[in-house]
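Numbering (UniProt numbering), first residue to last: 1 to 329.
Let me begin by presenting the structure, written as structure tokens, before commenting on it.
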Ligand code: UFG
């Protein structure tokens with residue numbers, strides 16, 4: 001039996017695929033390569049190229065492979081773009097997963113682990129954020145993920161498809177081998193952009209606002225290593241296989257770091273001065289997002305191993321140094 005990893009050629013999907021294979025699982029990676037990279041896919045995974053919204057293709061994938069679990073990463077994830085192109089996000093993220101659930105129902109596949117996001121909460125009412133806190137997304141990206149969570153709840157009730165939604169906070173780092181890592185185009189995330197400055201590919205990092213109500217005035221985020229995230233997916237899938245109920249879990253480290261903290265740690269890790277310039281706020285950035293991951297620690301028996309920002313940035317740096325042009329190298 002195999003695990004179907006939708007979006008397995010992307011940043012998080014490729015790391016989870018690698019962890020599944022290292023864990024002895026058979027993996028089928030489905031990707032349309034719009035944002036994914038063939039070279040990110042582990043050689044032991046079977047790669048099928050196509051789109052979730054292509055129902056005939058999906059039907060064939062389920063007919064030709066013995067799939068007992070699905071992990072779904074296939075989505076667009078640029079918050080800013082989602083504000084100007086909401087339909088692109090609902091079509092790909094919501095309708096794509098709708099087609100996937102339809103195929104699962106048709107082929108009797110009952111377990112799905114879904115890649116959700118802290119963006120489902122919007123402006124947090126409490127820190128740290130609990131899974132039971134209010135979900136009022138402030139952008140179509142978060143709304144499209146929340147809509148899928150709700151759709152899965154009804155698919156559980158009607159068809160008995162069990163789901164685990166994992167709400168990620170700020171995912172960072174790379175596989176410790178430095179073989180796979182983060183390669184987005186355009187890159188919008190803080191850590192890869194800082195490391196591009198260290199590589200001499202950019203002059204400076206722009207700090208988006210230093211007038212937030214935080215100790216140093218810059219935004220605080222909860223950075224979680226991509227391999228710790230991968231472990232959580234495997235635990236979540238195993239829990240479903242054992243008959244676990246549908247559930248939602250936050251995944252973060254539970255510790256907040258400001259933009260200035262991240263730049264400072266990156267200077268230490270890379271030995272590069274990394275010039276920084278304060279620029280205006282980016283629209284829609286909450287001041288502070290920190291997860292409570294107590295539920296995942298307790299119920300999934302999840303033990304994040306990368307507890308310091310230094311370790312997270314060091315693995316990202318190894319990848320970027322080895323592959324300054326990402327998968328083009
Ligand atoms: N930032 C800068 N300069 C940059 C890039 C980012 O100062 O050049 C700041 C941002 O303003 C933010 C922090 O660094 O305060 C982190 O920004 P990222 O873009 O790396 O990550 P986000 O927190 O915006 O986004 C992440 C995920 C999204 C998810 C969101 C949930 O990448 O997919 O968390 O809030 F939707």
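For each residue, glycine too, the CB sits at the ideal point set by N, CA and C.
Quantities reported herein were computed from a predicted structural model and do not represent experimental measurements.
Burial state of residue i (16 or more Cβ within 10 Å)
i	result
residue 271	exposed
residue 124	buried
residue 34	exposed
residue 158	exposed
residue 82	buried
residue 304	buried
residue 154	exposed
residue 256	buried
residue 111	buried
residue 308	exposed
residue 211	exposed
residue 262	buried
residue 250	buried
residue 203	exposed
The alpha helix (DSSP H) enclosing residue i, as first and last residue numbers
i	result
residue 263	259-270
residue 321	309-322
residue 58	55-64
residue 78	Counting along the chain, residue 78 falls outside any alpha helix (DSSP H), and DSSP gives it neither H nor E.
residue 20	11-22
Per DSSP, the bridge partner or partners of residue i
i	result
residue 164	113, 247
residue 225	172
residue 6	30, 72
Opening and closing residue of the beta strand (DSSP E) in which residue i lies
i	result
residue 40	Note, residue 40: premise wrong, no beta strand (DSSP E); not H, not E.
residue 47	46-49
Quick one: which unbroken beta strand (DSSP E) runs of 3-plus residues sit fully inside the region 266-304? Chain order, please.
Fully enclosed beta strand (DSSP E) runs of 3 or longer: 276-279.
Could you pull out every unbroken alpha helix (DSSP H) segment of at least 4 residues lying fully inside the region 90-150, listed in chain order?
96-107
Quick one: complete alpha helix (DSSP H) runs, 4+ long, within the region 177-237?
190-198
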